[in-house]
Structure formats: structure tokens, C-alpha cells
Amino acid sequence: MKSTSRSSTGRLLYAQSGGVTAVINATAAGVIEAARAKGVKVYAARNGILGALREDLIDTSKESASAIAALRHTPGGAFGSCRYKLKSLEANRAEYERLIEVLRAHDIRWFLYNGGNDSADTALKISQLGKAMGYDIRCIGVPKTVDNDLAVTDCCPGFGSVAKYTAISTLEASLDVASMADTSTKVFILEVMGRHAGWIAAASGLAGEGVDAPPHIILFPERVFDEAAFLAKVKATVERVGWCTVVASEGIRNAEGQFLAEAGTRDAFGHSQLGGVAPVLASLVKEKLGYKYHWALPDYLQRSARHLTSKTDAEQAYAVGKAAVEYALAGMNAVMPVIVRSSDAPYRWKIEAAPLSKIANREKKMPTGFLTRDGFGITAAARRYLAPLIQGEAPLPYGKDGLPKYVQLKNAAVERKLPEFKP
Ligand code: F6P
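Position in the sequence shown (first residue = 1) + 9 = this note's numbering.
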């Protein structure tokens, strides 16, 4: 992982990738502030790897220190993100040659790619470019995903905040439905993201503890959806408690392996677009049990909710950005700064380097020991894991208009040096 030679000049390229989070810009702040402290100029690729291919680069040195600091509390992806899969070197050599050409033209010696498991794969491929094409480039993957499904790292920046949003929303909506249940709504269904892993759904379990506390039912993608068992539990809960809160992961499947809700489209990585499981479940509840329901699909609200960010998450997001720069400048290649937990309570964590080859294209699902025997809840072990990740608040500066003071960067373009290229 460690290299013997180290570039003493050159620029650092940072790119954001995949679905953005409430704290990915905190990572950007960590990167830019750490690089500035070492006198290294940072370029950002506009819209992820596409910006690198199109030679559409942003000069972050044009931004003030206060604008970069404000990234720590601004959600979304400040430089734009993308879902774009680089093929293998053999399958699309032209794209790799173009990348090298762009990196060389702008004297980029360090590349930091901030994303999930697909992006770790892209980062790994680019890290192999140096050797294959004779260009000295150090490549570091920087973790980010609300799905929390990256291998090796204990948790992923972005997850703690969506977990906090989900736990709080479950609690608040449950107080609402409990008030109405006598004469109105009996069942509330919340659908959450997470793709094929149930981490976000699991976080809703932090809203309450004990059989009568919400959420009464959590539906995980790690378990086959059993319609009869689900309806029986909804009925029993309404009869016992008076109402029922259900949290469903977007990725749940039936016994045939089909997603309950698939939009019918696929992204560049071949992933099905998911979403819409809540109305499917609500219709089932109405049709088979006759209960009045409400359902909610927070969708992008959950992963952009900076007003409910976890302090722990915001700190970890910044720390991985800073560490990525330190690794790159120390000459490391094909690694990712990962979060290592040394204790649950008090919660202690540190950052270490892990090889990208152990992270790329792998998905970490919820372990069996985190799910209750009936598959509808979380265990004490899951609570111990999840609880520290939603700890603390990361307050926002608000303006006179009552809105948060989010920063809009200038995103000044770097002058192009090469002919146009269409990826
Ligand atoms: O991977 C993060 C994620 O938010 C998933 O939970 C969700 O299924 C997906 O992104 C949505 O992707 P997009 O914004 O590209 O539709």
C-alpha cells in the first residue's frame, strides 16, 4: 500500500460519487482544509468521474476559507455527483486513456473518490491505471453512503444522520398516529432507503424499546417478505396497542426474489430503482384488514436532512476527508480511510487505512444477530451498534428568513487544455 517515491508537486483531484448525503460536503471540507494546510491545490471534478472524463474541473482555491468551512453544514453534493460505471481497462481503454490524459494535463498526482461500494471499485480501477499506463497517480477511496453497506468500515459517513432522521421521524409520526387511532388512522407505514441492506430500517428501532413501543414491525431486505406473518402481526398489534407503526425497507422482496416495489428503471451500475413499497403494503393492510392507514416515503428528504444530522456522523465525515489527504500525501495508493470502533459505551472510534480491494463491489448486510427471531425487530446487539451513531446534534446557523445558511460555491471552472471527449 505504501509507496517508496512521493510526488512533491502536483494537484489533488476530489470527486463526489453516487447518492449524496447530509454530510458528504463535510468530507469535502475535510479534504480541502487538510490539503490547504499542506499547500496543495485541490481541483474538484464536476459531477464525479464524468467531470474528470470531460475535463470539467473546478478550482476550489477560488473559494474563501469561510465558504469551505460552511460546507460542513451544507447538504447535497457541492460539486455535483454521478452514477457512472467505468468499464474494465480491456473493455474501454479509450476512457482510461482519456482519464490519464486529463490527469497529466493538469498535473494531478492524487485522486480522492468519495462514494460507496461501486465508487470504491472505480477508485480501485483508477489506482491501477498508474501502473498500467505509466502515470504516477495515488488514488484513495473516501467512504460515503447512507446505505451503510460498505465492507470493512464499522459504519459509513452519511448513515448516522439518516439513522437519526429515521429514528426521530418514526417516533414523531407514532405520537401522531397514537393520538388519532381511536377514531381514525390505525396503521402508519414509513418506507426508507438502503437498497439491499436493512441498516436504515434497523435505525428506526431506536425510536422505542419493548413490544408495545413503535416501530412495531420493521421489514428488512435480509428477510423474505411473508405476507401472512406481516398481516397477522399488524392485526395483533392494532388489537393490543390500538395502532401500529411499520417501517419498511425499499429493498424487501417476496419468496420469488422480486422486489415488492421496483420502478422498472436501472442505473448505470445495473441497480433497479427502488421505491414505492409503502403504498403496496398500505393497500394490503386496507384490503385484507380494513384498517385506515397513512404512509410516507421520505425518499431524498431522509438523506438530505442536515437539520437532523448526527454530530458523530458529521465528525466522522470530516475525519475521513482529512485522513484521505494525509494518506495520499504520504504516498499511499488504493486504500480507503475506514472507521474502526474500539468501544460501544463510551463510544470510541478511530480512522485506519484499508485496501480498496477488500471494499470494492461488496455489500455488508445486517448480521443475523441484529434481527429478532421473528425477523420484525432489532436485538440488543443492534441497539448497541446503532445507538452511538445517532449521538449528538450538529446545529445549523439560521438566517433572519428562518432558513439555514447553506453555502453556494462559485465552482469556477479550470481552463480546459484538451479537445472535447464524450464519455
Ligand atoms: O445508495 C444510496 C441511495 O440513497 C439508496 O438508498 C437508494 O436506493 C439510491 O441511492 C437512490 O439512487 P438515485 O438517487 O440515483 O435514484
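Glycine included, every Cβ here is placed at the ideal spot set by N, Cα and C.
The structure displayed is predicted, hence computed values, not measured ones.
Figure out for me which residue from the options has the closest Cα to the Cα of residue i.
i	options	result
ARG262	GLY251, GLY284, GLY279	GLY284
LYS96	GLY124, ALA79, THR69, LEU138	LEU138
LEU412	ARG315, GLU424, THR246, VAL171	ARG315
PRO404	PRO224, ALA79, GLU361, ALA53	ALA79
ALA333	VAL220, VAL40, PRO376, ALA87	VAL40
SER319	SER136, PHE168, CYS91	PHE168
GLY203	ARG393, VAL29, GLU429, GLU424	VAL29
GLN25	SER75, LYS374, TRP119, GLY86	GLY86
ASN370	GLY279, ARG392, THR18	GLY279
ALA305	LYS297, SER366, PRO288	PRO288
TYR415	PRO397, SER75, HIS82	HIS82
ARG357	THR381, LEU398, PRO166, LEU98	LEU398
ASP460	PRO432, ASP353, GLU429, LYS431	The structure shown does not extend to residue 460, since the chain is modelled only from 10 to 432, so the question has no answer here.
GLU72	ARG425, ASP410, LYS419	LYS419
ARG249	GLU231, HIS225, LEU269	HIS225
PHE234	SER213, GLY266, GLU335	GLY266
Measuring only the C-alpha atoms, how far is residue i from residue j?
i	j	result
ARG20	LEU121	11 Å
LEU395	GLN417	33 Å
LEU427	GLU64	8 Å
GLY260	PHE229	8 Å
GLY60	ALA54	5 Å
ALA362	ALA237	46 Å
SER12	LYS242	Its pLDDT being 41, under 50, SER12 is placed unreliably in this model, and the value from its coordinates should be taken loosely. Cα to Cα, SER12 sits roughly 57 Å from LYS242.
ALA46	GLY124	24 Å
LEU159	MET189	40 Å
SER281	SER313	21 Å
ALA44	VAL51	7 Å
GLY180	THR254	Before going on, a small fix: residue 180 reads as Leu here, not Gly. C-alpha separation (whole angstroms): 9 Å.
ALA257	GLU218	18 Å
GLU324	GLY330	10 Å
ILE348	ASP127	19 Å
TRP208	PRO307	16 Å
ALA187	TYR309	26 Å
THR192	VAL220	23 Å
VAL344	ALA328	15 Å
VAL49	THR69	11 Å
GLU110	SER136	15 Å
CYS91	ALA245	45 Å
ALA222	THR131	43 Å
SER14	LEU365	With a pLDDT of only 40 at SER14, under the threshold of 50, the placement of this residue in the model should not be trusted; the figure read from the coordinates follows. Distance between the alpha carbons of SER14 and LEU365 is about 20 Å.
GLN400	LEU215	11 Å
PHE239	TRP252	14 Å
ALA176	ALA326	20 Å
MET341	TYR105	21 Å
ARG393	SER178	20 Å
THR388	VAL294	26 Å
ALA291	ILE58	40 Å
ILE149	LEU62	18 Å
ALA210	PHE430	42 Å
ILE360	TRP119	20 Å
TYR23	TYR407	29 Å
PRO84	ASN157	18 Å
MET10	VAL286	For MET10, the pLDDT reaches just 47, beneath the cut-off of 50, and the residue's location in the model is therefore unreliable, although a value from the coordinates is still provided. When rounded, the distance between both Cα atoms is 43 Å.
MET375	VAL196	26 Å
LEU133	ALA35	23 Å
PRO152	CYS165	6 Å
SER75	GLY143	39 Å
GLU271	GLN311	19 Å
THR18	PHE88	24 Å
ALA264	GLU231	12 Å
GLU424	ILE33	26 Å
ASP383	GLU42	48 Å
ALA337	GLU296	57 Å
ILE146	ASP410	46 Å
Assuming residue i and residue j form a contact by the criterion Cβ under 8 Å, report the distance between their Cβ atoms to the nearest whole angstrom.
i	j	result
TYR302	VAL247	Contact flag wrong, Cβ pair sits at about 11 Å.
SER317	TYR93	Correcting the residue type first, residue 317 is Leu in the shown sequence and not Ser. Not quite, the Cβ-Cβ distance comes to about 30 Å (not below 8 Å), so this is no contact.
PHE379	ILE227	About 11 Å separates the two Cβ atoms, so there is no contact after all.
ALA422	ILE117	The pair is not a contact, with the Cβ atoms about 15 Å apart (cut-off 8 Å).
ALA141	ILE77	That belief does not hold up - the Cβ atoms of ALA141 and ILE77 are roughly 34 Å apart, past 8 Å.
ILE368	VAL161	5 Å
ASP322	SER183	Their Cβ separation, rounded to whole angstroms, is 23 Å, which puts ASP322 and SER183 out of contact at 8 Å.
- Message: Extract the residue ranges of the alpha helix (DSSP H) inside the segment 348-376, only unbroken runs of 4 or more that lie entirely within it.
- Response: For the segment 348-376, not a single whole alpha helix (DSSP H) run of length 4 or above is found.
- Task: Identify every run of the beta strand (DSSP E) within the segment 238-290, keeping only runs that are complete inside it and at least 3 residues long; order them along the chain.
- Result: Correct list: 253-258, 271-275, 281-283.
- Message: So within the segment 60-101, which uninterrupted alpha helix (DSSP H) runs reach at least 4 residues, ignoring any that extend past its ends?
- Response: If you keep only unbroken alpha helix (DSSP H) runs of at least 4 residues inside the segment 60-101, you get 74-79.
- Task: Just list the beta strand (DSSP E) runs in the segment 291-343, keeping only unbroken ones of 3 residues or longer that don't cross its boundaries, in chain order.
- Result: Runs found: 302-305.
- Length-filtered (3 minimum) beta strand (DSSP E) runs lying within the segment 146-186: For the segment 146-186, whole beta strand (DSSP E) runs of length 3 or above, ordered along the chain, are 147-152.
- Every unbroken alpha helix (DSSP H) within the segment 189-243, with a cutoff of 4 residues, ordered by chain: Entirely contained in the segment 189-243, the alpha helix (DSSP H) runs reaching 4 residues are, in chain order, 208-212.
- Taking only runs of the beta strand (DSSP E) that begin and end inside the segment 100-143, which ones reach a length of at least 3 residues, in chain order? Whole beta strand (DSSP E) segments, 3+ residues: 117-124.
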